[in-house]
Each structure stands twice: as C-alpha cells, then as structure tokens.
Amino acid sequence: MITRIALAIFWLIHFLPKPVLNVFGAVLGLGFLLLAHERRNVVKKNISSCFSDLTETQVKKLVKKHFLALGNALAFTSIAWWGSRKKIKEIAEIQGWENFEKADQHNPVIVLAPHFVGVEILGIRISMEKDAVVIYSHQKDKVFDSFLKKKRERFSDPKLYSRQENLKKVIRKLKARVPLFLLPDMDFGPQDSLFVPFFGVMCATTTAPPRIAQLAKATIVPVIIKKKPNFHGYKITFLPAWKNFPTNNLEGDVKNINEFIESHVNQSREEYYWVHKRFKTRPADEPPFY
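Residue numbers for the sequence shown follow our numbering, so the first one is -14 and each next one is one higher.
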C-alpha cells in the first residue's frame, strides 16, 4: 500500500513545471537527509572514506548536497516514468550520440553507465533511441519491481535479464548487435568480483564489463549523466569508445574502470550514488564497513 501511495504522489508531481519540480526535489532531498538515518550514515561513511582530506564540516556539507541532488533526480524521474517523449527530451539532452553510432557500425557495443543519481532517467532516455540488453537487480518490493520493469519498457523492447540468469543469453544478444546497458559500480558480492581501489578504499568490483567485452568482442562506450546548471534538467554525454580494452590483465581492467569513474565523480561529487553500500563486501580479514 505504501508503495502504491508513493507512486501515486510521483505520478501527480510529473505534471508540475520544472521550477516547481526543482523545489519539490529539494524538499524531498532534505526529507531524506533528516529522516532516512541509515542511508544518511551510509552516505557519510562513503564520502568521509573516499575523501579523507575533507574536514567534518566539509563532509556534512557534501552529504547535504548529495541528498539535494538525489531528491532532484528522483523528482525528474517522475517525468521519465510518465512524461511524453517530448517532455522527456526536454529534461534529458543527449550529446555525443555519434560516438555510440560510430562504435555500433563496427562491433557489438557495451554502454557503460556509472551510477550517478540520474541513471534511471538515463536508461529510459536511451531506450527512446535504441533497444538494448539490460541486466537488472530484482527489487525486494514486488509491486515496485513490476512497476520498474514496465516503465523501463515504455519506449522500446529491451531484453531484461536479471543478474541471476545465465550470461550466455546476454552474450548471444550482444553478438547479434543488440547493445548491452551495464552498470559497473554496484556491490554484487564477492562472486565474479575483484578487490581493487575506489578512491583509495578496496572495493569489490564486478569483472563483468571486461569479461563480457572479451567474449562478445564488444566495444565499450561510456555514458555519463549530470544535471544542467540551475537544475534545469540533465545532460547525457556519450564519450568516445575505449581503445585497447579489454586487455589480458583483468585486475588492471577493472581498476581502470574505477579510475575512470573517479575522474567523473570528482567533477560533481554530490551527484554520485553515495546511498549505495558500495563497500559492503569486504576482504576476509577486514571488519564490516558499515
């Protein structure tokens, strides 16, 4: 019931003009900051660990900025879920699409999307341009899980595979030139992961991108979503395809992915998805992180 009420509220706010939606997003973000104690502690722990040079006051300020960015992204996600094509294009501008098209002409493509707060908007906006294979995690709430699946299929015929399914299906589709939309920076546990640094903290990092790229002879095209100035929507940027990736060094490959993400996080630290327990999985000799 709570999920249905929350979704009904989000349906209502998608009708709001952008300036009012910005205000709602700020209120939503501050509400999470004040009331979501566990997630606030996760954000604080992540930020203070990744940026050890920050003072306590600076950490507190960045935590607040993160929740404001998160609230804004959630507010604008309502448009991605219910808005028209025209309205979605107005709030999510694509740049660098030619980088994807160039790579897509020659090889299977893995679209590598680091987990910034607007990633849900990113996925739906891209689906308006191209069908894709998507590996997703089931939500604990079955109502919300069904809702998300439906919304991610609004404008295309994506091939949705859960993380629990066999990768052979994914690779088969990829070889058939259906691009793969992949998040490289979630903690999926120790299986098929390597511990490499992320902002100096050892982090269980999935080896899926280089392994799948090698098996499918695919090219990696990274994509980043960031908010525009004054919160007037989002800009989605497709970057040039990576050359000489993957290599024969799996650990080096996943380390390079983390370093790439770090470089873009440092451009707008508050927009990274710090509410995720990125460092939950620890090496055997380490205590719990959270």
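All residues carry an ideal CB built from backbone N, CA and C; glycine is no exception.
Pull up the distance between the alpha-carbon of residue i and that of residue j, whole angstroms please.
i, j, result
"A178", "L47", "Sequence check: residue 178 is Ser here, not Ala. The alpha-carbon atoms of S178 and L47 are separated by roughly 29 Å."
"K144", "K127", "19 Å"
"P175", "G56", "31 Å"
"E235", "L19", "It is Leu, not Glu, that sits at residue 235 in the sequence shown. In a straight line, the C-alpha of L235 is about 41 Å away from that of L19."
"R(-11)", "T232", "47 Å"
"L224", "N84", "6 Å"
"L168", "A(-7)", "28 Å"
"K158", "R148", "15 Å"
"P272", "S34", "15 Å"
"L152", "I242", "20 Å"
"R24", "V5", "26 Å"
"F245", "N251", "10 Å"
"P214", "D270", "44 Å"
"G16", "A(-9)", "14 Å"
"I32", "A21", "16 Å"
"I(-13)", "H249", "36 Å"
Based on Cα-Cα distance, which residue from the options lies nearest to residue i?
i, options, result
"F0", "Q124, W67, Y146", "W67"
"E105", "Y258, F264, T266", "Y258"
"S69", "A226, F140, I32", "F140"
"V12", "E41, S253, D238, K50", "K50"
"S253", "V163, A193, G103, P2", "G103"
"A54", "S34, F9, A98, P93", "F9"
"M171", "K135, V155, S122, K160", "S122"
"T222", "M(-14), R24, P99", "P99"
"K3", "K72, R263, Q199", "K72"
"P195", "K158, K136, G237, K87", "G237"
"A193", "K74, K135, V155", "V155"
"E114", "Y146, K74, K135, K136", "K74"
For residue i, which residues of its own chain have a beta-carbon under 6 Å away from its beta-carbon, when the five flanking residues on both sides are left out?
i, result
"E166", "What sits at residue 166 in the sequence shown is Phe, not Glu. Cβ within range, chain order: V96, A117, V119."
"F230", "I205"
"S63", "F(-5), I(-2), H(-1)"
"K29", "V48"
"G14", "F52, L53, L55, G56"
"I76", "F61, I64, G218"
"K240", "V181"
Looking only at its chain, what residues have a beta carbon closer than 8 Å to the beta carbon of residue i, apart from the 5 residues adjacent to it on each side?
i, result
"Q124", "D130, L133"
"F180", "M187, C188, A189, T190, P268"
"E247", "F183, F184"
"D142", "D116"
"K87", "A226"
"A198", "I95, T204, I205, F230, P231"
For residue i, would you say it is in contact with chain B, using Cβ-to-Cβ distances shorter than 7 Å as the test?
i, result
"R137", "The chain inventory of the structure shown lacks chain B, comprising one protein chain alone."
Only counting the same chain, and skipping five residues up and downstream in sequence, which positions put a Cβ closer than 7 Å to that of residue i?
i, result
"V163", "D116, A117, V118, K144"
"K160", "P93, A201"
"E256", "A54, F101, V102, K211, K212"
"Y275", "V27, K30, K262, K265"
"Q90", "none"
"F173", "R148, T191"
Task: Start-end ranges of the alpha helix (DSSP H) lying completely within the segment 131 to 177, minimum 4 residues - done: 152 to 160
Task: Segment contact flag, the segment 97 to 116 with the segment 207 to 215, C-beta cutoff 8 Å, min 3 pairs - done: yes
- [ ] Let me know the beta strand (DSSP E) ranges lying completely inside the segment 201 to 270, each 3 residues or longer, listed in chain order.
- [x] 204 to 212, 219 to 223
Open item on the list: Which complete beta strand (DSSP E) runs does the segment 42 to 108 hold, if anything under 3 residues is left out?
Closed with: 77 to 80, 94 to 97
Task: the segment 34 to 45 / the segment 74 to 83 touching (three or more Cβ pairs under 8 Å) - done: no
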